[in-house]
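Data block below; observations after.
Chains as they are written, first to last, in my numbering: chain A, 8 to 238; chain B, 8 to 238.
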């Protein structure tokens, strides 16, 4: 979820003092995008799919907010997040991660090492965390649904409570564009919990999606009319 | 290297019959981009870096071709490719891969499995292969400089002779935009050759870059004035 109007470091002055005007919600799964589009009466952007891109965009105006929901296309069906039991994550928890980093980009060469881990801070939203009663923690991102021993080592180094397959990449782009970003991550399975991660992933996906949609709707309501500094 | 004027499948008719007008060369390393910019007297696009993007672009006109060289920025210093000894690759070999796929995007869920492996065919250029005396083979891409056992298994499944860290991602974007793409990959180290891959990578990087630049210059000369069907 990206809220437009500057961020804490290196954005136009004055942006902090205006109410938030626009929110872009990026999700990986159709089942998370559609309820939001329906709830806020957003309309699909037909031009985007006509151009052959796999992304689907819904947009519209809700109260004082220009809302956009983008899901990552028909050829991808991933979503929510895996929780780390060692960090106290349980199924149905909704996290508001403070930091995000990669766990599958291994490169020991100087400069490349830090670039590949790509740690970035989410926009700080202490009031949102409290109001929605979400869990604090860090997020780690990798290209695979499962994790191999090398991934696990870096997830531990990243001090992550939840893992997903897109967060750190979205943070990289948001950082380039100087757009403040917030992650809302519902735990739909526990990493390495008896069964293969793919079985666990499917089993609780809907439950995780419902918890996520509920949190996102409440976050939009909370954001309406507020300044960035009030989140 | 992307050559503009349609591709074999699903591009404007007539594009095949016109001579190639534009080439975009994408490389990961400054040491590969600068000699090409110098050789073809290309000029840096200052606007791109002024906007805060890490990518650097050089452009200009050479004979009948509009040339663009893009390297992937100051925060990234990777390049060339690792060769697989089992496929007969040796240091200094230059490959013209026929196919590209990912080896670090593991996901057993239906549809996702094929999406994550992301096999794509490069534009077929039999005359270029012969004229430049390059090696045929397949390319496999992953985010890490080294390979873990899970990566190795998928590199074998991808039947790859060379591995890099960007090819399949560039192929994905080229496919979305329906732009024909050619890969030219010089082997600068052998995967798992006694020392860690990062030591091998640094040791022969310059040698690999020289072989690569020579092949790219010859490919540009060969392309000039030709149609796609003549490559």
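Glycine included, C-beta positions come from ideal geometry on N, C-alpha and C.
(message) For a cutoff of 7 angstroms on Cβ pairs, would you count residue 151 of chain B as touching chain A?
(response) yes
(request) Provide the residue span of the beta strand (DSSP E) that contains residue 72 of chain B, from first to last. (result) 72-78
(message) Rounded to whole angstroms, what is the Cα-Cα separation between residue 109 of chain B and residue 234 of chain A?
(response) If I take the Cα positions, the gap works out to 42 angstroms.
(message) If I measure Cβ to Cβ from residue 207 of chain B and keep anything under 7 angstroms in the same chain, skipping five residues before and after, which residues do I get?
(response) Only residues of its own chain outside the window of five on either side were considered, and among them 196, 197 and 200 have a CB closer than 7 angstroms to the CB of residue 207 of chain B, listed in chain order.
(request) Give the interface partners of residue 60 of chain A over in chain B, defined as CB-CB distance under 7 angstroms, in chain order. (result) 183
(message) List, from N- to C-terminal side, the alpha helix (DSSP H) runs of 4 residues or more that fit wholly inside the region 29-62 of chain A.
(response) 37-46 and 53-57
(request) For residue 207 of chain A, return the contacting residues in chain B, with the cut-off set at a CB-CB distance below 7 angstroms. (result) Chain-order list of chain B residues neighbouring residue 207 of chain A: empty, with the shortest C-beta distance near 12 angstroms, by a criterion of under 7 angstroms.
(message) Relative to the C-alpha of residue 131 of chain A, which candidate in A:44, A:125 and A:107 has its C-alpha closest?
(response) A:107
(request) Pull up the distance between the alpha-carbon of residue 118 of chain B and that of residue 237 of chain A, whole angstroms please. (result) Spanning the two alpha carbons is a distance of roughly 42 angstroms.
(message) According to DSSP, simplified to helix, strand and coil, what is residue 91 of chain A?
(response) coil
(message) Quick check: what's the CA-CA separation for residue 98 of chain B versus residue 144 of chain B?
(response) 15 angstroms
(message) Looking at the secondary structure, which residues open and close the alpha helix (DSSP H) in which residue 118 of chain B lies?
(response) Unbroken run through residue 118 of chain B: none, as it is neither H nor E.
(message) Please classify residue 187 of chain A as buried or exposed, where buried requires at least 16 neighbouring CB atoms within 10 angstroms.
(response) Residue 187 of chain A counts as buried, since at least 16 other C-beta atoms from the protein chains shown sit within 10 angstroms of its C-beta.
(request) Give me the Cα-Cα distance between residue 232 of chain A and residue 26 of chain A, rounded to the nearest whole angstrom. (result) Answer to the nearest angstrom: the Cα atoms are 5 angstroms apart.
(request) Check distances from the C-beta atoms of the region 109-141 of chain B to those of chain A and list, in chain order, the residues that come in under 8 angstroms. (result) 109, 111, 112, 113, 114, 115, 116, 118, 119, 122 and 123
(message) What would DSSP say about residue 148 of chain B, mapped onto helix, strand or coil?
(response) strand
(request) Could you tell me whether any Cβ in chain B is nearer than 7 angstroms to the Cβ of residue 37 of chain A? (result) no
(request) Could you run through the region 66-78 of chain A and flag, in chain order, every residue whose CB is less than 7 angstroms away from some CB of chain B? (result) none
(message) Under 8 angstroms, with one C-beta from each stretch per pair, do the region 71-81 of chain A and the region 119-129 of chain A reach the 3-pair mark?
(response) no
(message) Within a Cβ cutoff of 6 angstroms, which residues of the same chain sit near residue 43 of chain A, ignoring the five residues on either side of it in sequence?
(response) 76
(request) Answer with buried or exposed for residue 104 of chain A, where buried requires no fewer than 16 other C-beta atoms within 10 angstroms of its C-beta. (result) buried
(message) By the three-class DSSP mapping on this structure, what secondary structure does residue 108 of chain B have?
(response) strand
(request) Measure from the alpha carbon of residue 4 of chain A to the alpha carbon of each residue in A:163, A:205, A:225 and A:89, then state which is nearest. (result) Residue 4 of chain A lies beyond the stretch modelled for chain A, which goes from 8 to 238, so this question has no answer here.
(request) Tell me whether residue 177 of chain A sits in a helix, a strand or coil according to DSSP, three-state version. (result) Here residue 177 of chain A sits in helix by DSSP.
(message) Based on DSSP bridge pairs, tell me the residues matched to residue 170 of chain B.
(response) B:89 and B:147
(message) Nearest by alpha-carbon distance to residue 72 of chain A: which of A:182, A:30, A:166 and A:57 is it?
(response) A:30
(request) Look at residue 178 of chain A and residue 94 of chain A and say whether their C-beta atoms are less than 7 angstroms apart. (result) no
(message) Taking the alpha helix (DSSP H) that residue 205 of chain A belongs to, which residues open and close that run?
(response) 204-210
(request) Answer with buried or exposed for residue 141 of chain B, where buried requires no fewer than 16 other C-beta atoms within 10 angstroms of its C-beta. (result) buried
(request) Helix, strand or coil for residue 67 of chain A, going by three-state DSSP, please let me know. (result) strand
(message) Quick check on residue 60 of chain B: buried or exposed, where buried means 16 or more other Cβ atoms within 10 Å of its Cβ?
(response) Residue environment for residue 60 of chain B: exposed (fewer than 16 other C-beta atoms within 10 angstroms of its C-beta).
(request) Give the DSSP bridge partners of residue 128 of chain A, in chain order. (result) A:106.
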